[in-house]
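Heads up, the sequence shown is in the numbering used here, so the first residue is 281 and it goes up one at a time. The C-beta atom is built at its ideal place from N, Cα and C for all residues, glycine as well.
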Amino acid sequence: MSDINWVSVLGLKNESIEDLRFVGYSYLRQGQFEIAIKIFNALVILTEDNVYDLQTLGALYLQTGNNLLALDYLEQALRKQPNDPKTLLNRIKVLFSLGYRRQAMAQAAKLAQYPDHKIADQASALLLSHR
């Protein structure tokens with residue numbers, strides 16, 4: 281994304297980044313999604329390699345119905361961590377929302393076989409609700 285290391289330029293410490301992440305997550309938990317989106321957008325710029333920030337921003341955009349941006353951030357997260365089940369599940373939800381039913385069904389069928397039953401059950405529920 282950027283050749284500039286903003287954390288260094290701004291003189292931020294890891295503790296400051298973690299504090300900002302905590303604040304963003306607190307807004308998310310309170311349902312203040314627009315504020316949380318602004319914070320996680322800043323975090324993605326500050327810490328480009330942080331998969332959690334990309335995943336969270338994708339999930340926030342999914343929650344607010346901005347499916348194209350959700351897909352973009354979820355895809356970025358999956359490029360860094362390709363088999364993360366929660367990110368895969370969110371991508372399936374976005375694909376359904378965008379009308380990519382065939383692709384979403386195929387991916388949900390795979391995820392329905394996942395060993396973690398919470399993930400597998402959610403994928404199965406998505407399959408059932410889109411038949």
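DSSP three-state label for H410, please. The residue given as residue 410 occupies position 130 in the sequence shown. Coil.
Suppose you measure from the CA of A389 to the CA of L407; what does that come to, to the nearest Å? If you number the sequence shown from 1, residue 389 lands on position 109. If you number the sequence shown from 1, residue 407 lands on position 127. In a straight line, the C-alpha of A389 is about 7 Å away from that of L407.
Taking the straight line between their C-alpha atoms, what separation do you get for L349 and S377? One-based indexing of the sequence shown puts residue 349 at position 69. One-based indexing of the sequence shown puts residue 377 at position 97. Computed Cα separation, rounded: 12 Å.
Can you say whether G311 is buried or exposed, counting buried as having 16 or more other CB atoms within 10 angstroms of its CB? Here the question's residue 311 lines up with position 31 in the sequence shown. Exposed.
Check each candidate in K398, I399 and R381 and name the one with the smallest Cα separation from H410. Against the sequence shown, residue 410 aligns to sequence position 130. Per the Cα distances, R381.
Straight-line CA distance for D401 to L340? Position 121 of the sequence shown, counted from the start, is the residue given in the question as residue 401. Position 60 of the sequence shown, counted from the start, is the residue given in the question as residue 340. Their Cα atoms are separated by approximately 22 Å.
Is L391 near Q383, with beta carbons less than 8 Å apart? The residue you call residue 391 lines up with position 111 of the sequence shown. The residue you call residue 383 lines up with position 103 of the sequence shown. Contact: no.
If we ignore side chains and look at the alpha-carbon of each, how far apart do Y332 and E298 end up? For this step, residue 332 is matched to residue 52 along the sequence shown. For this step, residue 298 is matched to residue 18 along the sequence shown. Rounded to the nearest angstrom, the two C-alpha atoms are 12 Å apart.
How far does the alpha helix (DSSP H) with H314 in it reach, from first residue to last? Within the sequence shown, numbered from 1, the residue matching residue 314 stands at position 34. First, the amino acid is wrong: residue 314 is Glu here, not His. That run of the alpha helix (DSSP H) goes F313 to L326.
Nearest neighbour of K318, chosen from P395, N330, N370 and L300 [CA to CA]: By one-based count along the sequence shown, residue 318 stands at place 38. That would be L300, whose Cα lies nearest to the Cα of K318.
Start-to-end residues for the alpha helix (DSSP H) that takes in G304: The residue given as residue 304 occupies position 24 in the sequence shown. Taken as a continuous stretch (DSSP letters only), the alpha helix (DSSP H) holding G304 covers N294 to R309.
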